[in-house]
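Visitor: Residue numbers for the sequence shown follow the numbering used here, beginning at 7 and rising by one. My questions all concern the structure below.
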Amino acid sequence: MVKLRLIYNHKSLGKPILAEVILKTGIPMNILEATVSPISGEILVDIDAPREKIDNIISLLEDLGVNVKEITQILEIDVNRCTSCGACISPCPTHALTLNQDLTLNFDEKKCVRCGICVDACPMRAIRFAY
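In structure tokens:
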């Protein structure tokens with residue numbers, strides 16, 4: 007799975023660009039987050055497809071005026087600030103965060119839905135979104 011941040015400028019906001027690309031490629035995209043204002047918009051999508059198809063999707067989006075950024079990491083955990091207290095583990099609805107045997111924090115990015123509960127729950131502010 008690949009996560010892409012799609013950044014729309016004011017000229018492309020009123021167009022169904024994402025729908026057009028989905029229809030052209032036949033590849034479904036899961037919208038994880040969307041923020042739209044009168045002058046710009048950002049959408050975070052998750053795509054489960056072979057690399058060549060993802061490259062095609064990126065090319066199509068860019069041809070339609072969308073700035074595309076591939077997200078390689080969702081969360082950053084500052085190991086110097088993390089005390090392994092576990093405050094982020096219990097509230098995580100998808101169990102993306104666990105403690106290893108040595109009591110270090112483990113993050114399974116495939117399970118993360120980017121809800122932000124762990125970011126808010128961390129008393130040391132050791133967890134933040136990576137982008």
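Each residue gets a CB set at the ideal place from its N, CA and C atoms; glycine is no exception. Just so it is clear, the structure is predicted and the values come from calculations on it, not from any experiment.
1. May I have the straight-line CA-CA distance separating D108 from A102, to the nearest angstrom?
2. What do you get for L24, buried or exposed, if any count of 16 or more other CB atoms within 10 angstroms of its CB means buried?
3. Check each candidate in A55, G47, S43 and S90 and name the one with the smallest Cα separation from N36.
4. By a C-beta neighbour count over all protein chains shown, 10 Å radius and 16 as the cutoff for buried, is I45 buried or exposed?
5. Whole angstroms are fine: how far does the CA of N106 sit from the CA of R11?
6. Look up L67 in the DSSP assignment and say whether it is helix, strand or coil.
7. Between L81 and I49, is the Cβ-Cβ spacing less than 9 angstroms?
8. Look at the alpha carbon of R131 and the alpha carbon of K75, and state the distance between them as a whole number of angstroms.
9. When you compare only the Cα positions, how much space is there between E58 and I64?
Guide: Taking the definition as stated:
1. 17 angstroms
2. buried
3. A55
4. exposed
5. 31 angstroms
6. helix
7. no
8. 26 angstroms
9. 10 angstroms
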